[in-house]
Amino acid sequence: MGWRLRLLGVAAAVVATAGLSAVPVMAGNSHTIVVPPGGSIQAAVNSAHPGDTIKVAKGTFHENVLITTDQLTLRGAGAGETVLMPPANDNQCGICVGIPFAPFTHMVSGVHIRDLTVRDFGGFGVFGFGTDGLQVSRVDAANNAFYGISRFESTRTVFRNNRAWGSHEAGFYIGDAQDADTLVEGNKAWNNDLGIFVRHARHVTIVDNQVWGNCFGVLVLDDGQAGGAGNVAIRENNIHGNTTICPHTDPDTPPTHGGAGVVILGADNNRVTDNHVSDNAAATPFAGGVVVLSSAFFGGHDAMSNTISDNELRNNSPADIVWDGAGTDNKFRDNDCRTSIPPGLCHQD
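In terms of the numbering used here, the sequence shown is residues 124 to 472.
And the structure:
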């Protein structure tokens, strides 16, 4: 896949940074390591042990950071206060957790990242690969070229109360895990290609997010890889005004697309419930409020065993609910909407 090629050389490029930068503070059996303005976050990471907290001061830090130590907390002074930006030789990854190469021999566990901004990297803002229990909270991911906040081949992930904008692929990404066990809660995603993107993954909960101004708000995609995609709960989100059209420039994303709130593309056993979905429209084959389509054209399967229920949908075009009629056991129940393709899928039809 394209993202694997993009990360070649990342681990080699993130090396230990020498210099006077980390001040350890004892705290029981763990330490707090303070990174002052002008210091090196990577040097602090390199000196840390499991259970330590790295506290980064206000300021702008031009570096890439690689974390491979378990049970590490990286905490800034707040989004917009502690800002991580690319160095002169950007390796495309702002904060990488885990070595971004498969196969890996160790799941990096229990890493927490919070209260900072990561912006303008040539690839990824925050990236987890081969992680267990990664938590990212109160992080702003701004204008990173591919993904804002993402995790691959990981489990028990939490993305909570973050903001992602300006990503050319997805603001939030969950991929390549048949037992992702991932929670995406209370986030905001706007002006990305895809607001929240689930691909080749299962067991994800997407709840209480605000998603607007993207090409697609939320996409669950079966692209034909073994195991498929599905078992995603999408509930209690506000998804509106996704009207941008994105050209097909990457084999990892669908053809020219845009104008959709929630798209179930070939995935199965998803539940889309209690969402407010409004004002999503564009002149593409994928547009609409909640859209359920086969991904056979993309190497995947028909969408099957999905439940779309109890949603409030308004002013979506070409319809509030769009279903291509393919697949079996798809259920549309008690949706408060005005238009559907085919007719009859709205509670008010």
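Positions of the beta carbon are idealized from the N, C-alpha and C atoms, including for glycine.
Unbroken alpha helix (DSSP H) run spanning S428, endpoints: Neither: S428 is in no alpha helix (DSSP H) and is coded neither H nor E.
What would DSSP say about A383, mapped onto helix, strand or coil? Strand at A383.
What span of residues does the beta strand (DSSP E) with S277 cover, start to end? That residue, S277, is in no beta strand (DSSP E); it is neither H nor E in DSSP.
How is the alpha helix (DSSP H) around S170 delimited, first residue to last? I164 to S170 is the span of the alpha helix (DSSP H), which, as asked, contains S170.
Give a yes or no on whether the C-beta atoms belonging to N267 and S290 are separated by under 8 Å. N267 is a Cβ neighbour of S290, given a cutoff of 8 Å.
Counting only runs of 4+ residues fully inside the stretch 272 to 330, write out the alpha helix (DSSP H) ranges in chain order. DSSP assignment within the stretch 272 to 330 yields no whole alpha helix (DSSP H) run of 4 residues or more.
Are H363 and N403 closer than 8 Å when you measure CB to CB? The Cβ atoms of H363 and N403 sit closer than 8 Å to each other.
Sub-8 Å separation of T280 and L317 beta-carbons: Against a cut-off of 8 Å, the Cβ pair of L317 and T280 comes out as no contact.
DSSP has A356 in a bridge; who is on the other side? A356 pairs with T328 and R394.
Please classify A349: is it buried, with 16 or more other beta-carbons within 10 angstroms of its beta-carbon, or exposed? When all chains shown are included, A349 counts as exposed.
Quick one: Cα of H399 to Cα of F295, how far? Approximately 19 Å, taken between the alpha carbons.
Starting from the C-beta of D263, find all residues in its chain whose C-beta is less than 6 Å away, skip the five residues before and the five after it, and write them out in chain order. Excluding residues within five positions, the ones whose Cβ falls inside 6 Å are A202, T240 and R286.
Quick one: give me the first and last residue of the beta strand (DSSP E) that F455 is part of. Here the beta strand (DSSP E) through F455 covers K454 to R456.
Quick check: the Cα distance between Q301 and D345, rounded to an integer number of angstroms? Rounded to whole angstroms, the separation of the alpha carbons of D345 and Q301 is 12 Å.
Taking Cβ positions, are G271 and F252 nearer each other than 8 Å? Their beta carbons are not under 8 Å apart, which means G271 does not touch F252 by this criterion.
As a quick exercise: from I444, G162, T155 and I190, pick the residue whose alpha carbon is nearest that of T176. Its Cα nearest to that of T176, the residue T155 stands out among I444, G162, T155 and I190.
Measure the alpha-carbon distance for V327 versus A419 and round it to whole angstroms. The C-alpha of V327 lies about 23 Å from the C-alpha of A419.
Mind checking which residues open and close the beta strand (DSSP E) that includes G412? Start and end: G411 to L416.
For V259, the residue or residues it bridges with in DSSP: Beta-bridge pairing links V259 to I236 and F282.
Using CA coordinates, which residue listed in G422, N434 and H380 is at the minimum distance from V395? Ranking G422, N434 and H380 by Cα distance to V395 puts N434 first.
Which class does A265 belong to by DSSP, given the choice of helix, strand or coil? Reduced to three states, the DSSP call for A265 is strand.
Under 8 Å, do T278 and H235 count as touching if we go by C-beta distance? In this structure, T278 keeps its C-beta atom at 8 Å or more from the C-beta atom of H235.
Beta carbon of R237, beta carbon of R198: below 8 Å? Judged by their CB atoms, R237 and R198 are nearer to each other than the 8 Å cut-off.
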